[in-house]
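Chains as they are written, first to last, in this note's numbering: chain Y, 1 to 151; chain Z, 152 to 215. Glycine residues also receive a C-beta, built at the ideal position from the N, C-alpha and C atoms. Remember, it's a predicted structure, so these values are computed and weren't measured experimentally. Accompanying notes for the structure given below.
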Amino acid sequence: MTDPNLGSDPGPGEARLRQRQRVQVITMFAAAALAGGIGFLTGYFDQGDGNLLLGDWNKLKLSPALAVLIAALSITVFLIVPIQNMRKADDYQREVSLVAFTGGFFAVTAGFPVWAALYAGGFVPPPHAFGVFAIAYVAMLASFLYARWKI
Amino acid sequence: MKNRLKVLRAERDWSQAELAGRLDVSRQAVNAIETGKHDPSLPLAFRIARLFDMRIEEIFDDEL
């Protein structure tokens with residue numbers, strides 16, 4: 001039994017859903033492009049000896065205007081876009097996101113003391129802020145993929 | 152939680168995407184609910200019940 005109201009034309013709910021999914025995909029690609037832009041700007045215009053990935057990010061030296069631009073881009077990519085996506089998420093996406101955020105949280109709260117202890121024992125380099133940031137992000141991504149697979 | 156969503160959907164010959172559109176959620180959400188891996192929120196459970204013109208407990212059962 002096929003609903004005559006459906007046919008090939010989407011109903012208002014389907015149209016709204018498709019529009020929302022389109023916006024989410026566009027937003028994710030835009031955020032990825034912005035994140036890439038941040039990496040490029042940081043690496044290309046760095047006037048110091050710093051490296052965001054290797055831990056000596058405190059030696060980065062940027063012009064004030066570029067620093068403000070990167071800060072604004074970072075707020076967009078890591079704060080505004082995720083909040084907007086969360087506001088558009090449905091039940092299921094919220095549950096998956098909750099698993100992802102929880103994974104990131106536990107990875108940091110457990111990861112930092114483990115890293116510090118291993119450093120004290122001479123096994124690894126000292127903990128640094130970007131490393132902790134990376135642990136959080138990688139753990140969130142891994143937890144997200146796990147949740148999508150399990151739920 | 153077990154539910155009859157898949158049966159109700161099949162009776163109406165709707166795809167998961169069609170049902171998702173009617174409920175204004177993602178297809179993945181419908182799939183996760185149908186397989187019992189995700190329990191819908193109370194507002195979504197009410198939307199599902201209204202769509203099928205049934206009571207929530209006629210669709211969802213925590214003792215099945």
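{"Query": "Residue-level contact to chain Y via CB, A200(Z), 8 Å cutoff", "Result": "no"}
{"Query": "Closer than 7 Å at the beta carbon, the chain Y residues around A171(Z)", "Result": "L17"}
{"Query": "Min CB distance L193(Z) to chain Y below 8 Å", "Result": "no"}
{"Query": "7 Å Cβ cut-off: residues of chain Z touching I151(Y)", "Result": "A183, K188 and H189"}
{"Query": "8 Å CB neighbourhood of Y119(Y) in its chain, flanking five on each side removed", "Result": "P125, P126 and P127"}
{"Query": "Same chain, Cβ closer than 6 Å to G48(Y), five either side skipped, listed in chain order", "Result": "K59, L60 and K61"}
{"Query": "Short Cβ contact (8 Å threshold) for L73(Y) with I26(Y)", "Result": "no"}
{"Query": "F203(Z), DSSP secondary structure in three states", "Result": "coil"}
{"Query": "L174(Z): contacting residues in chain Y (beta-carbon distance under 8 Å)", "Result": "G13"}
{"Query": "Cutoff 8 Å: A161(Z) Cβ touching any chain Y Cβ", "Result": "no"}
{"Query": "Alpha carbon of D91(Y) to alpha carbon of D190(Z), nearest angstrom", "Result": "9 Å"}
{"Query": "Contact set between Q167(Z) and chain Y, taken where Cβ atoms lie within less than 8 Å", "Result": "Within chain Y, no residue comes near Q167(Z); the closest Cβ sits about 12 Å away, beyond 8 Å."}
{"Query": "Between the CA atoms of A110(Y) and D46(Y) - distance to the nearest angstrom", "Result": "32 Å"}
{"Query": "Cβ neighbours of A151(Z) in the same chain (closer than 7 Å, five flanking residues each side left out)", "Result": "Chain Z is shown from 152 up to 215; residue 151(Z) falls before or after that span and cannot be answered."}
{"Query": "Which of helix, strand or coil DSSP assigns to D49(Y)", "Result": "coil"}
{"Query": "Distance between Q19(Y) and I80(Y) (C-alpha atoms, nearest Å)", "Result": "19 Å"}
{"Query": "For D212(Z), three-class secondary structure by DSSP", "Result": "strand"}
{"Query": "Segment contact, 8 Å Cβ cut-off, at least three pairs: the stretch 193–213 of chain Z with the stretch 95–113 of chain Y", "Result": "no"}
{"Query": "Start and end residues, alpha helix (DSSP H) containing G111(Y)", "Result": "D91 to A120"}
{"Query": "For K153(Z), the three-state DSSP class (helix, strand or coil)", "Result": "strand"}
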